[in-house]
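Single-structure report; data block below.
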Amino acid sequence: MNLLDEDRLFPVETRTKDIARELYLSVKSLPIISPHGHTQPIWFAKNEPFANPAELFVTPDHYVFRMLFSQGVRLEDLGIQRLDGADVETDPRKIWQLFADHYYLFRGTPSQLWIDYSLQEVFGVTEPLSTATAPAIYDHIDACLKQDAFRPRALFDRFNIELLATTEGPLDSLEHHDTIMESDWNGRIVTTYRPDAVVDPDAVGFKANVEKFGALVNEDATQWEGYLDAHRKHRVAFKKRGATASDHGHPTAQTANLSEADKRALFARVLQANVSAEDAELFRAQMLTEMARMSLDDGLVMQIHPGARRNHNRAMFDQYGPDKGFDVPGRTDYVQALRPLLDAHGLEPNLQIILFTLDETSYARELAPLAGVYPCLKLGPPWWFHDSPEGMMRFRQMATETAGFYNTAGFNDDTRAFCSIPARHDVARRVDSAFLAGLVTAGRLRESEAADLIHDLTYRLAKKAYRL
Amino acid sequence: MNLLDEDRLFPVETRTKDIARELYLSVKSLPIISPHGHTQPIWFAKNEPFANPAELFVTPDHYVFRMLFSQGVRLEDLGIQRLDGADVETDPRKIWQLFADHYYLFRGTPSQLWIDYSLQEVFGVTEPLSTATAPAIYDHIDACLKQDAFRPRALFDRFNIELLATTEGPLDSLEHHDTIMESDWNGRIVTTYRPDAVVDPDAVGFKANVEKFGALVNEDATQWEGYLDAHRKHRVAFKKRGATASDHGHPTAQTANLSEADKRALFARVLQANVSAEDAELFRAQMLTEMARMSLDDGLVMQIHPGARRNHNRAMFDQYGPDKGFDVPGRTDYVQALRPLLDAHGLEPNLQIILFTLDETSYARELAPLAGVYPCLKLGPPWWFHDSPEGMMRFRQMATETAGFYNTAGFNDDTRAFCSIPARHDVARRVDSAFLAGLVTAGRLRESEAADLIHDLTYRLAKKAYRL
Amino acid sequence: MNLLDEDRLFPVETRTKDIARELYLSVKSLPIISPHGHTQPIWFAKNEPFANPAELFVTPDHYVFRMLFSQGVRLEDLGIQRLDGADVETDPRKIWQLFADHYYLFRGTPSQLWIDYSLQEVFGVTEPLSTATAPAIYDHIDACLKQDAFRPRALFDRFNIELLATTEGPLDSLEHHDTIMESDWNGRIVTTYRPDAVVDPDAVGFKANVEKFGALVNEDATQWEGYLDAHRKHRVAFKKRGATASDHGHPTAQTANLSEADKRALFARVLQANVSAEDAELFRAQMLTEMARMSLDDGLVMQIHPGARRNHNRAMFDQYGPDKGFDVPGRTDYVQALRPLLDAHGLEPNLQIILFTLDETSYARELAPLAGVYPCLKLGPPWWFHDSPEGMMRFRQMATETAGFYNTAGFNDDTRAFCSIPARHDVARRVDSAFLAGLVTAGRLRESEAADLIHDLTYRLAKKAYRL
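Protein chains in written order, with my numbering: chain A, 8 to 475; chain B, 8 to 475; chain C, 8 to 475.
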């Protein structure tokens, strides 16, 4: 028995399905380029076995535990730590069983696709996960994890990952990247510069962060010049660990381009207590433009991930901290918001900005028209709640006609769940094959063009967009 | 000749169509759960025959007369009453003929599906409605209506309705529900508590409504405590008539959670003349949170129907009053708007809130992410202009991947047109069968899972969501 | 070899494809009604040969050069004039080659469909355009253009255009229309009144425009009554040149209905220097209502094209002027914005307003509900970035169920690229055939209804909507 349909995600009509399958098979074995994500470098630095199935599949995956929580499962029973240190479930078998008991909730979701893929393709599981099969599947996976072939580096090699980017904050020591680079293992793992903790005045401990940020590179980052120089030096340090990109997770896409005097005054204000919401927004906005300017010098590609309303529920944040599934998208404007940055630097031939969105209404209305004319703009793939078969198809349908394919940046998986990396790339390759096949049978694309494009979408565009 | 294609709304590809048909046939005969709608309890209390075809199909259905009006047909000629009492057409044959003359306008709309279903399945009509066939079809339906088998209770039984919820205001006597309950008829008809007339300061006669509202239950509802107690007592009275839910039709989804002092001051202000738009909005917002609190005590499920801009045209409102097809949707935010209520009570295990929308952009961006994590939130089915085949399919495509199926609330027909109830449930069952069949042939769902889900979507989820 | 698939844009399933093809073939040869567009009347007045392939395909088509620019091609190298008069490429062969070298960028875009159609159907080209084929195709087209059969009037006749509307500003002499009308050629080319230059206080040279506008018709247009009278007289002049419509390209759909005193005061303010953004917006808003009033008198159909954020990049505007691909859509509200106009005149039986949008989220939420009830409102076809196969299909899917087909206005091509006119109408006829065929095989429409509707959508509705 197979968990996975060999022809999953292909169109149903025979000729279109055949073309899609042929396209897919032509890229199925291409190496994975994963230029943006949130796996842990320590996995590959230490190469220790993953602890157990629950820690591999349940605890790190907010797609999983948010769905269970929505149906009344307590996070404590899933082993999610509380900030007050109260007891939570520690038996991974119980956590796994609870997950399996509720696995039917994921019907129709991408999580089911990803998890079934991981179960079958990574661990060789052949029975659907359910209350009944949970114990045996646990035992099977647990036994696998004790083998060397399932340690992080071995899986990385087996997944055929050519490059994996992680994301680190500006206060991170990057020691695990150093360990990886110094090791005799050849896996290419690079970092990404994500300075939100010292760019967002609303970040917890912002001022202390800024002070530490400067101290790490011998700059007084509480002064505007020192602050900018500290960024420059940190960017150099990240580039030494392979970084080719920075990443910016702001509540909005707002940019600004203030005068020198206004920037200094604003910076002084945001280092005070009780920063106003307007000043916080304006500072983040200005910093996107500053980061663009630094990109012109050092060549890092900018990624902007705007639109998440973080920590939507106060009690959840107080009890469990951030990243517990309570970040929710909101409407996001790009056309007015990006104008200050684009007026300042939007025509520079060396600038590369990859735009993401959680607001699909912006694909056809704003993002494709912007990327379809500004040389510096590329569209990132569907992000987060939208990196699903329907979401990916909507992106192609709404962005392609105005932006074309060549103003998009290929796929990235953006995952915290290691085993979902090949699963997500597989979904993307299938959906892109289906979309291209549909264009072929609609008489909009020649088969030779589709054959060329599927390689671009799978491999070439990501490398080009991220300067890899 | 048939008006209806046996395989209507199924996918065209053979295997997918076969699966869809099989799924549909497995639920075709399930009883109808209609937990939200606007039929008249007096029909079932008195069980008098419907007067004529025009009163059954044309006059109560704003989908019908708004379309005719948009193409230049005068409402007077359709027998719609004017507030000034001026003469309107009273001959139902003329009204029917006018409707039939313009029936081509409904091509491609759900109205045509619903009406053709009613004509064929309820009345046995076999010829398409047109200028030529109108008189004979009128005679045929009219003759039917004179038979006992076409009285409201008989149709209710024939439609296989297990439960029908109507919607009443807080000043309604509920006498018809009493009559039904006391009768020897077993049809289960329940009311729903819709307090807008005493919750919305912009409602016509708001202050007088509040006074009457209190008097009905011996409370001084012009005082804050008395006002809240009056709600509590009315909710009890509605529960006695079977209500398991309240319903709230606000212009926005805004909620608030003010201090006691601020609530009292606000309530005092909204009882004055010339309430500001801000105060009216804030009071509605606060009352959603108050209603949630009462739900925690009495277990009524909350329904929120936000986003209609009511009575868009001043002259129409002045001449014909409300509900004449001039309520138009607008953009609706949920993420920020619901935050005060959700911060206060969003994690309570006993709270159940069913969210509706007229703004489809919120499905994937806001509603599915919210319902996919908050235990108290469920997504209502596509509402109003969106309760159509394309609208229902978009809902499944945009909401399922993030919310799953089990955070949705099944179907409700929300209709004023009695004969459209089986028609609308039939459309919903077909569209859901089509959607599930598509997931099966896309390799995203096993057939056994689809077989289980179609029962959930048709029957179980509605009963569970509405605590029936 | 063919560039075009005979069955392009039809559905893939056999029966649906057969129905679509049959529908398409029934309207393939119908004359083209082109009631809105931006071709140049001078072409038909002078009937001189088009200069060369580059001037026909590249230079006038912002779809083309914005895509090339987005991938780093300099506008100067495409022969686009700079405002500073600096040298740009003047060799059309080099421009053509550069275009061909980058033609792969248009894969999946409507531009490729339009251009391939023009190459094959207008010029008989049989090889795909590429770096290798560019010189030979240039020579072939260039040779064609030297023949009389490829002069503008001959192409107009060959394209089977029954009526072509151009768009002129209020300061245009309309001399070319006079020339055409006085000629012995029977081609019907009409103008359209587009008064933005004297209606938008943000227009370059607004006050001087107003003065000249009045002088042309012997009115003092700097006085409110004279200004309105000047509009009335210009509208008469445009009607004499065949105009049946006005057109209004505003940043938003905002309307207003001020008192006489407020209008006068506002008009006085916008004629001063340094008009505030609020006053500019309010004046444009008021003028839409004034134009509606004039339409009641003279019968011109109003077109409203709102939502473009023009000249998004300051440096591009300074170097190249307007219309260089840097107009980008933004969110557009209709429900609140149109209310003042619709409250004043929305029920008038003689008013006809055709609404366009660049914000697809408004189709189902706002535009279809408004057009589905207001007798004066009709929905224009998908505009600009959305006049593509996917865009057209989304329009039908999102607008039809609420507005029906008969509240839509048929197709218009809105193009500056003459050879794309038959190409665009062909795409529209195919997409509409595909949509109707899908309704037929979904059991939602009878074949006889579809056969009727495809004629309406292709021909009758445009003539009716534009009063042609």
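No residue lacks a Cβ here, since even glycine has one placed at the ideal position from N, Cα and C.
Exercise for review: Give me whichever residues DSSP pairs with His255 (chain A) in a beta bridge.
Suggested key: The partner list for His255 (chain A) (beta bridge, DSSP) reads A:Ile311.
Review point. So what's Ser137 (chain C) in DSSP terms, helix, strand or just coil?
Key: Annotated three-state conformation of Ser137 (chain C) is coil, per DSSP.
Check your understanding: Which of the three DSSP states, helix, strand or coil, is assigned to Tyr370 (chain C)?
Key -> Here Tyr370 (chain C) sits in helix by DSSP.
**Study point:** Simplified DSSP state of Leu386 (chain A), which is helix, strand or coil
**Key:** Correct three-state label for Leu386 (chain A): strand.
**Study point:** Three-way DSSP call (helix, strand, coil) for Ala263 (chain C) in this model
**Key:** Here Ala263 (chain C) sits in coil by DSSP.
Exercise for review: Could you tell me how far apart the beta carbons of Asp123 (chain B) and Leu105 (chain B) are, in whole angstroms, since I believe they sit closer than 8 Å?
Suggested key: In this structure Asp123 (chain B) is not in contact with Leu105 (chain B), their Cβ atoms being roughly 18 Å apart against a cut-off of 8 Å.
Check your understanding: Among A:Asn54, A:Ala430 and A:Phe274, which residue has its Cα nearest to the Cα of Leu289 (chain A)?
Key -> Nearest to Leu289 (chain A) by C-alpha distance, out of A:Asn54, A:Ala430 and A:Phe274, is A:Phe274.
Review point. Taking Cβ-Cβ distances shorter than 7 Å, what residues in chain A pair up with Phe412 (chain B)?
Key: Near Phe412 (chain B) (Cβ distances below 7 Å), the residues of chain A are Arg114 and Gly115.
Review point. Just the Cα atoms here: how many angstroms apart are Gly379 (chain C) and Ser77 (chain B)?
Key: If you draw a straight line from the Cα of Gly379 (chain C) to the Cα of Ser77 (chain B), it is about 6 Å long.
Practice item. Kindly indicate which residue of C:Glu189, C:His319 and C:Thr364 has the alpha-carbon position closest to the one of Arg338 (chain C). Key: Looking from the CA of Arg338 (chain C), the closest CA among C:Glu189, C:His319 and C:Thr364 belongs to C:Thr364.
Exercise for review: Would you check if the distance between the CB atom of Gln127 (chain C) and the CB atom of Leu10 (chain C) is smaller than 8 Å?
Suggested key: It is a contact, given that the beta carbons lie within the stated cut-off.
Point to revise | Paired residues, beta bridge with Thr415 (chain C) - DSSP | key: For Thr415 (chain C), which the question treats as bridged, DSSP gives the partners C:Leu386.
**Study point:** Under 8 Å (Cβ pairs) to chain B, residues found in the segment 316-328 of chain A
**Key:** Flagged, chain order: Arg316, His319, Asn320, Arg321, Ala322 and Met323.
Check your understanding: Using DSSP with H/G/I as helix, E/B as strand and the rest coil, what is Val224 (chain C)?
Key -> Three-state DSSP puts Val224 (chain C) in coil, outside helix and strand.
Review point. Under 8 Å between the Cβ atoms of Asp269 (chain A) and Val277 (chain A)?
Key: It is not a contact, given that the beta carbons lie outside the stated cut-off.
Point to revise | Cα-Cα separation, Val217 (chain B) to Arg242 (chain B) | key: In this structure, the alpha-carbon of Val217 (chain B) lies about 15 Å from that of Arg242 (chain B).
Exercise for review: Compare the C-beta of Leu278 (chain B) against all C-beta atoms of chain C and say whether one is closer than 8 Å.
Suggested key: With respect to chain C, the C-beta atom of Leu278 (chain B) has no partner C-beta closer than 8 Å.
**Study point:** Nearest residue (CA-CA) to Val308 (chain B), options B:Lys470, B:Asp421, B:Asp459 and B:Ser369
**Key:** When each option's Cα is compared against that of Val308 (chain B), the closest is B:Lys470.
Check your understanding: Helix or strand or just coil, what does DSSP make of Phe299 (chain C)?
Key -> First, the residue type needs correcting, since residue 299 (chain C) is Ala and not Phe in the sequence shown. Ala299 (chain C): helix per DSSP, three-state reduction.
Check your understanding: Alpha carbon to alpha carbon, how far is Phe442 (chain C) from Ile26 (chain C)?
Key -> Taking the straight line from one Cα to the other gives about 10 Å.
Review point. So, helix, strand or coil for Leu358 (chain C), using DSSP?
Key: Of the three classes helix, strand and coil, the one that applies to Leu358 (chain C) here is coil, per DSSP.
Point to revise | Pick from A:Glu355, A:Ala435 and A:Pro38 that is closest to Arg195 (chain A), judged by C-alpha positions | key: Nearest option by C-alpha distance: A:Pro38.
Check your understanding: Would you call Lys153 (chain B) buried or exposed, if buried means 16 or more other Cβ atoms sit within 10 Å of its Cβ?
Key -> Exposed, since its Cβ has fewer than 16 Cβ neighbours within 10 Å.
Point to revise | Where Leu112 (chain B) falls: helix, strand or coil (DSSP) | key: Here DSSP, grouped into helix, strand and coil, assigns Leu112 (chain B) to helix.
Practice item. Report yes if the CB atom of Ala260 (chain B) is closer than 8 Å to the CB atom of Glu367 (chain A), and no otherwise. Key: Going by C-beta atoms, Ala260 (chain B) is not nearer than 8 Å to Glu367 (chain A).
**Study point:** 8 Å Cβ cutoff met for Gly306 (chain B) and Gly411 (chain C)
**Key:** Between Gly306 (chain B) and Gly411 (chain C), the C-beta spacing is not below 8 Å.
Check your understanding: Opposite Leu170 (chain B) in the DSSP bridges: which residues?
Key -> B:Ile40, per the DSSP bridge assignment.
Review point. Can you name the residues of chain C whose CB is closer than 7 Å to the CB of Ser5 (chain B)?
Key: In the structure displayed, chain B extends from 8 to 475; residue 5 (chain B) sits before or after that span and is not available.
**Study point:** Straight-line Cα distance separating Val335 (chain B) from Ala292 (chain B)
**Key:** Answer to the nearest angstrom: the Cα atoms are 21 Å apart.
Exercise for review: Measure the alpha-carbon distance for Leu452 (chain B) versus Leu446 (chain B) and round it to whole angstroms.
Suggested key: Answer to the nearest angstrom: the Cα atoms are 6 Å apart.
Check your understanding: Taking Cβ positions, are Glu169 (chain B) and Ile40 (chain B) nearer each other than 8 Å?
Key -> Cβ distance < 8 Å, so Glu169 (chain B) and Ile40 (chain B) count as in contact.
Check your understanding: Ordered along the chain, which non-local residues of its own chain (more than five positions away) have a Cβ less than 6 Å from that of Arg317 (chain C)?
Key -> Apart from the 5 residues on each side of it in sequence, Arg317 (chain C) sits with its Cβ closer than 6 Å to the Cβ of Asp334 in its chain, given in chain order.
Point to revise | Val342 (chain A) - DSSP class collapsed to helix/strand/coil | key: Val342 (chain A) falls in the coil class under three-state DSSP.
Exercise for review: Determine, using beta carbons only, whether Gly387 (chain C) comes closer than 8 Å to chain A.
Suggested key: Chain A, which has no Cβ nearer than 8 Å to the Cβ of Gly387 (chain C), makes this no.
Practice item. Kindly list, in the order they appear in chain A, the residues whose Cβ is closer than 8 Å to that of Thr368 (chain C). Key: Simply Thr368 and Arg372.
Check your understanding: For Thr23 (chain A), which residues from the same chain have a beta carbon less than 7 Å from its beta carbon, with the 5 sequence-adjacent residues on both sides left out?
Key -> The beta carbon of Thr23 (chain A) sits closer than 7 Å to those of Ala444, Gly445 and Thr448, all from its chain and outside the five residues before and after it, given in chain order.
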